[in-house]
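Everything on this sheet refers to the single structure shown next.
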Amino acid sequence: MATTKIELTRTPKKIASAHTPTYIQSSREFRFAFSATQPNNLNTFHTDMKIYTDGDLGDMWAWVADPDSYGYVVVSTA
661 MATTKIELTR TPKKIASAHT PTYIQSSREF RFAFSATQPN NLNTFHTDMK IYTDGDLGDM
721 WAWVADPDSY GYVVVSTA
């Protein structure tokens, strides 16, 4: 299982690919959305601190929940 630490900013960053089972966790809430391309509407999102995706919903994009802060997620893929 490959594990990577990714810094999040206010700009959505692709953190998981479609059809790839992935675990994501953070010590802070982060925003995320599933999309084939980088989301433009940052008002439509989910929030969580830990999530598993089997990849069936497509690419996963994440960004910080608080625009005035920074955050990290740890991403593990099979």
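For the sequence shown, the working numbering gives the first residue as 661, with consecutive numbering after it. Using N, Cα and C, we set each Cβ at its ideal position, and we do this for glycine too.
Report yes if the C-beta distance between residue i and residue j is below 9 Å; otherwise report no.
| i | j | result |
| --- | --- | --- |
| residue 720 | residue 662 | no |
| residue 667 | residue 712 | no |
| residue 733 | residue 722 | yes |
Could you tell me the boundaries of the beta strand (DSSP E) in which residue i lies?
| i | result |
| --- | --- |
| residue 668 | 662–668 |
| residue 676 | 673–676 |
| residue 729 | Neither: residue 729 is in no beta strand (DSSP E) and is coded neither H nor E. |
| residue 706 | 706–713 |
Taking only three categories from DSSP, how would you classify residue i?
| i | result |
| --- | --- |
| residue 685 | strand |
| residue 719 | coil |
Between the alpha carbons of residue i and residue j, how many angstroms are there, rounded?
| i | j | result |
| --- | --- | --- |
| residue 714 | residue 678 | 8 Å |
Assuming the contact rule is C-beta atoms closer than 8 Å, residue i and residue j should be a hit. Round their C-beta distance to whole Å, please.
| i | j | result |
| --- | --- | --- |
| residue 694 | residue 724 | That pair is no contact at about 18 Å. |
| residue 682 | residue 737 | 5 Å |
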